[in-house]
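Residue numbers (UniProt numbering): 1 to 287.
See below for the structure under consideration.
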Amino acid sequence: MASTVTSRRKQLGNELRHARTAARMTQQQVAEVLGCTQGKVNKIESGAVGVKLGDVRSMLNAFGINGEEADTLMNLARAAAGQRGHWSGYRSVVPHWFRTFTDLEPAAAEILTWHGERIPGPLQSEHYMLKQFTEAGATDVTSLVRNRLDRKAVFEQQQPPYYRFIISEGSLRRAPGGYAPAVMLDQVEHLLSLEKHPRVYVHVLPFGARLAAVPNDFTIMRFPDRTRDFVYIEHSAGGLYLDDVKDFNIFVDSWDRLRGAALERQETRQFLKELAEGYRAQMQQIQ
């Protein structure tokens with residue numbers, strides 16, 4: 001598979017191919033299950049054509065996949081098919097290139113993410129969200145906020161992923177739209193409140209960290225089943241999904257370097273407390 005995957009259809013095809021090989025079935029055997037040609041199965045796995053949800057269900061049954069793993073792949077199939085029921089209403093504001101990420105986020109075993117200049121979505125306070133979307137000139141701020149709040153539900157799952165965040169000191173000092181101590185105080189206090197979630201880890205990378213350079217933002221997603229691990233990189237025009245093993249390991253190494261230079265959890269907590277005091281003092285000066 002090419003190292004860069006930019007469509008949900010290709011992601012789904014990739015997962016179905018891995019599931020088939022794990023079940024030790026050939027494409028011809030799958031074709032017999034679906035009542036189509038081997039060539040059609042090959043196109044489904046390469047992402048060249050779409051696949052009906054009923055056919056995906058038949059394939060999963062043939063592969064012996066059920067339970068949460070089947071649910072995850074069916075959600076991915078719905079996203080790849082652009083099924084209206086899943087992405088209609090306020091969810092329709094989510095960009096197409098980000099829907100694979102949000103579909104798979106709850107099913108991950110571990111998520112490692114690095115952000116340099118802004119607070120990552122699941123960690124944002126509602127005040128920060130509102131300021132960010134308003135400054136960006138968004139026309140449907142309410143729907144965008146609802147979607148971002150929906151993502152926070154991943155922390156409340158019965159078996160949530162281990163979600164490990166490294167955020168730069170810069171993201172804690174650069175407010176959306178410029179100087180806004182009230183917004184950032186709310187955001188820092190929100191980060192301090194997250195200790196109630198035992199699988200959420202937040203580490204600050206201070207300006208004084210000993211690193212040659214810091215990379216662009218990225219997120220590593222690992223899964224407990226046959227879903228292939230990948231790296232997600234967002235840019236101004238969309239998002240990239242990298243699942244080539246060599247590429248994946250490069251980002252794991254990059255994560256390890258960042259983690260080694262970042263503050264430990266208790267050090268981060270103390271850093272945030274001191275930062276909050278600084279923002280409170282700034283607000284008093286303004287008043």
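Ideal Cβ positions, reconstructed from N, Cα and C, are used throughout, including at glycine.
Where does residue i fall in DSSP's three states?
i, result
"V94", "coil"
"I233", "strand"
"F223", "coil"
"S58", "helix"
"Y279", "helix"
"H190", "helix"
"L34", "helix"
"I286", "helix"
"R199", "coil"
"L205", "strand"
Pop quiz: residue i and residue j are said to be a contact at Cβ under 8 Å. What is the actual Cβ separation, rounded to whole angstroms?
i, j, result
"R78", "L104", "Between L104 and R78 the Cβ distance is about 12 Å, and since that is not below 8 Å, they are no contact."
"A276", "V188", "5 Å"
"A62", "V33", "5 Å"
"R222", "A108", "6 Å"
"A19", "I65", "6 Å"
Got a sec, what are the start and stop residues for the beta strand (DSSP E) residue i sits in?
i, result
"E110", "110 to 115"
"G260", "Looking at the DSSP string, G260 is not in any beta strand (DSSP E); the run it does join, the alpha helix (DSSP H), is 245 to 261."
"Y241", "238 to 242"
Please classify residue i as buried or exposed, where buried requires at least 16 neighbouring CB atoms within 10 angstroms.
i, result
"M184", "buried"
"E135", "exposed"
"G47", "buried"
"K196", "exposed"
"L211", "exposed"
"V49", "exposed"
"P122", "buried"
Let's see if you can read the secondary structure: which residues bound the alpha helix (DSSP H) around residue i?
i, result
"L76", "67 to 81"
"S171", "169 to 173"
"S128", "Residue identity differs from the one stated: residue 128 is Tyr in this sequence, not Ser. Unbroken alpha helix (DSSP H) run through Y128: 126 to 135."
"H18", "8 to 22"
"V145", "141 to 151"
- Please confirm if the stretch 117 to 124 is in contact with the stretch 160 to 176, defined as three or more CB-CB distances below 8 Å between the two stretches. Contact between the stretch 117 to 124 and the stretch 160 to 176 is present: three or more C-beta pairs spanning the two stretches fall below 8 Å.
### Query
Can at least three beta-carbon pairs, one atom from the stretch 243 to 252 and one from the stretch 139 to 158, be found at a separation below 8 Å?
no
Below 8 Å, can you find three or more Cβ-Cβ pairs linking the stretch 216 to 223 to the stretch 232 to 244? Enough Cβ pairs lie closer than 8 Å, so yes.
Any chance the stretch 191 to 207 sits against the stretch 157 to 168, with 3 or more Cβ pairs inside 8 Å?
yes
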